[in-house]
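Only one structure is covered here, and it is reproduced in the block below.
Right under this line is the structure:
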């Protein structure tokens, strides 16, 4: 409570700044619809409708993705999807939702970065400016500009890196179980790929701490406790993966076979990913390190080396095409520029540590301007102006005939005012029908060798454009109805997973009663006249058990946190 009061003004500064960078969008009353907008808007619309009805289906999409029954949210930040669905419900429009979610990501990024810097004893004034600068970087602003969900993970990552740096910074207490547990859990519930980045960073710091601390047993014990608690608090995530991957052949997200041509940080004049201002700060940290290496702490050396290595790895300086070819598992990274997020966090922390050490050595006189703080303020201001220009340019697309900022791989059936009307309609789902990206991620493929390009085409033909059906939701079931002139085999625009249950005209279907297309679209023998297909998902007992464990784990964590809060409050009151 005392810390909250002390930092209240800083929180207000971060909140105001997080809104200021959105002013060009607010002033134009514009939606920014980037390349990933269709995918995530469908996710959140589906979650919103479940909340609105009070009828929850954890696995399959009953409203989003053309009411196709496909699985997305269960494998992609499920709880955060429900949070965004709730946000959409209370804001009441796509425009208001986008502004609020953009603001939240910015604020979360600033707060988490400030926490990282201050826990590592970076001076307060430097911490504020570096936290504000972090908001303006590509890895955070890409949510506003492109709706890349990676920004949510990057915004949370400083919390996990704070737990990593503690292992070196405080050898007498290298791990706080609660800090490490909640940081990794938050990442896992948000973005699995970002979690993998964080785990690698944690492993590096753990190895260094192992050789530096005299409390190795305590270090291992607390890390294991954190791992166990994290497993309990994320059992809904990895449990869903077990449920689906053990019984289906799911189509993996897009595999980038040419990352050097499509997916690295390019050192270009427009600074699309690595801005001039970020490059300037990185250069400053490298230069300061070269001239002061012997004076730097082990922590500063570690974050600089690891951050610099990740930055190099995000560029064309590594033969990524060859790596992806030789080590197929690396292709899950898709785009090496995703390493820019953790690299930026570590290098900005390193710069903060460097500036603090220099300031401690050469303290400015009371009436003297701190040149380092002034330089940080100027660079942050220039980076903010650059971001404002990017937001302005992106928002201008809304008023054009294209409406969308990015039309790459997009199907757009309306344009201009007609499409804008759909996005401002009280029926949020209307816009998602007339503009979409036929992304086939996580579809239940029937053959392991199916090409992703063919899956895109099949999904568009069999699901997105196969609209000869009426669909509604009732008690967790998707009800599909249609009229057929004669008895014939009909491809219904829904997909079936192993644990999806089907009923046709009141009869429960067995595997002999239907056929599946290569992407799992359901084919049934329709009768002349009225037909009704019901679809529901019934997970296995293992997942139901893991979900129960997860809910009890979160309940226990909430009770524990409430107890600790009350305990600290009473201690504070008694000491006054």
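Numbering (this note's numbering), first residue to last: 1 to 576.
The C-beta atom is built at its ideal place from N, Cα and C for all residues, glycine as well.
#1: Tell me which residues share the same chain as residue 311 and place their Cβ nearer than 6 Å to its Cβ, disregarding the 5 neighbours each side in the sequence.
#2: Rounded to the nearest angstrom, what separates residue 540 and residue 15 at their Cα positions?
#3: In the DSSP assignment, the alpha helix (DSSP H) including residue 482 goes from what residue to what residue?
#4: For residue 481, count neighbouring C-beta atoms within 10 Å of its own C-beta (all shown protein chains included) and say buried if the count is 16 or more, exposed if not.
#5: Please name the residue in 206, 428, 380 whose C-alpha comes closest to that of residue 277.
#6: Of the residues 287, 337, 141, which one's Cα is nearest the Cα of residue 386?
#7: Just list the alpha helix (DSSP H) runs in the region 435-514, keeping only unbroken ones of 4 residues or longer that don't cross its boundaries, in chain order.
#8: So the candidates are 398, 227, 575; which of them puts its Cα closest to the Cα of residue 417?
#9: If we count the other Cβ atoms within 10 Å of its Cβ and call it buried at 16 or more, is residue 160 buried or exposed?
#10: Quick check: the region 152-168 against the region 202-209, are there 3 or more CB pairs under 8 Å?
#11: Please classify residue 66 as buried or exposed, where buried requires at least 16 other C-beta atoms within 10 Å of its C-beta.
#12: For residue 235, verify whether its CB is less than 6 Å away from any heavy atom of the ligand GTP.
#13: Per DSSP, residue 524 is paired with what?
#14: Restricting to Cα atoms, I'd like to know which of 247, 85, 293 is closest to residue 429.
#15: Can you list, in chain order, the residues of its chain with a C-beta nearer than 6 Å to that of residue 422? Leave out the 5 residues immediately preceding and following it.
#16: Could you check whether residue 223 and residue 175 sit closer than 7 Å to each other, using their CB atoms as the reference points?
#17: For residue 201, does the count of other Cβ atoms within 10 angstroms reach 16, so buried, or fall short, so exposed?
#18: With distances taken from CA atoms, which of 53, 551, 500, 12 is nearest residue 521?
#19: Beta-carbon within less than 7 Å of residue 392's beta-carbon, same chain only, minus the 5 sequence neighbours each way: which residues are those?
#20: Considering just the uninterrupted stretch of the alpha helix (DSSP H) at residue 392, what are its terminal residues?
#21: Measure the C-alpha to C-alpha separation of residue 544 and residue 97 and round it to an integer number of angstroms.
#22: Spatial neighbours of residue 298 within its chain, please: CB distance less than 8 Å, with the 5 preceding and 5 following residues excluded, ordered by chain position.
#23: Taking residue 66 as part of the beta strand (DSSP E), name the residues at either end of that continuous run.
#24: Report buried or exposed for residue 565, applying the criterion of at least 16 other Cβ atoms within 10 angstroms of its Cβ.
#25: So residue 275 packs on residue 383, CB below 8 Å; how close in whole Å?
#26: What did DSSP end up calling residue 411 once you bin it into helix, strand or coil?
#27: What would DSSP say about residue 536, mapped onto helix, strand or coil?
#28: Return the first residue and the last residue of the alpha helix (DSSP H) that residue 187 is part of.
#29: Between which two residues does the alpha helix (DSSP H) harbouring residue 86 extend?
#30: Assuming the contact rule is C-beta atoms closer than 8 Å, residue 69 and residue 494 should be a hit. Round their C-beta distance to whole Å, please.
#31: Is it buried or exposed for residue 194, if we count other Cβ within 10 angstroms and need 16 for buried?
#32: Go ahead and pull the three-state DSSP assignment for residue 16.
#33: Could you say if the region 547-563 and the region 232-239 meet the contact criterion of at least three C-beta pairs nearer than 8 Å?
#34: For the structure I just gave you, are there three or more beta carbon pairs, one from the region 77-92 and one from the region 38-50, closer than 8 Å?
#35: By the three-class DSSP mapping on this structure, what secondary structure does residue 266 have?
#36: Quick one: what's residue 530 bridged to in DSSP?
Looking at the atomic coordinates:
#1: 343
#2: 44 Å
#3: Going by DSSP, residue 482 is part of no alpha helix (DSSP H) but of the beta strand (DSSP E) stretching over 477-484.
#4: By the 10 Å Cβ count, residue 481 comes out exposed.
#5: 380
#6: 141
#7: 452-459
#8: 398
#9: buried
#10: yes
#11: By the 16-neighbour rule on beta-carbons within 10 angstroms, residue 66 is buried.
#12: Ligands are entirely absent from the displayed structure, and the ligand GTP is therefore not among its contents.
#13: 490, 514
#14: Nearest of 247, 85, 293 to residue 429, Cα basis: 85.
#15: Closer than 6 Å at the Cβ level, and outside the excluded window around residue 422, lie 430, 431, 434.
#16: Judged by beta-carbon spacing, residue 223 lies within the 7 Å limit of residue 175, meaning their Cβ atoms are closer than that value.
#17: buried
#18: Closest by C-alpha distance to residue 521, out of 53, 551, 500, 12, is 500.
#19: 24
#20: Looking at the DSSP string, the run of the alpha helix (DSSP H) that includes residue 392 is 371-395.
#21: 32 Å
#22: 168, 208, 212
#23: Careful: residue 66 lies outside any beta strand (DSSP E) and carries neither H nor E.
#24: exposed
#25: 6 Å
#26: DSSP places residue 411 in strand when its eight states are reduced to three.
#27: strand
#28: Residues 177-190.
#29: Here the alpha helix (DSSP H) through residue 86 covers 78-91.
#30: 4 Å
#31: buried
#32: Of the three classes helix, strand and coil, the one that applies to residue 16 here is helix, per DSSP.
#33: yes
#34: Counting C-beta pairs with one atom in each stretch, the region 77-92 and the region 38-50 have three or more that are closer than 8 Å, which means they touch.
#35: Reduced to three states, the DSSP call for residue 266 is coil.
#36: Per DSSP, 483.
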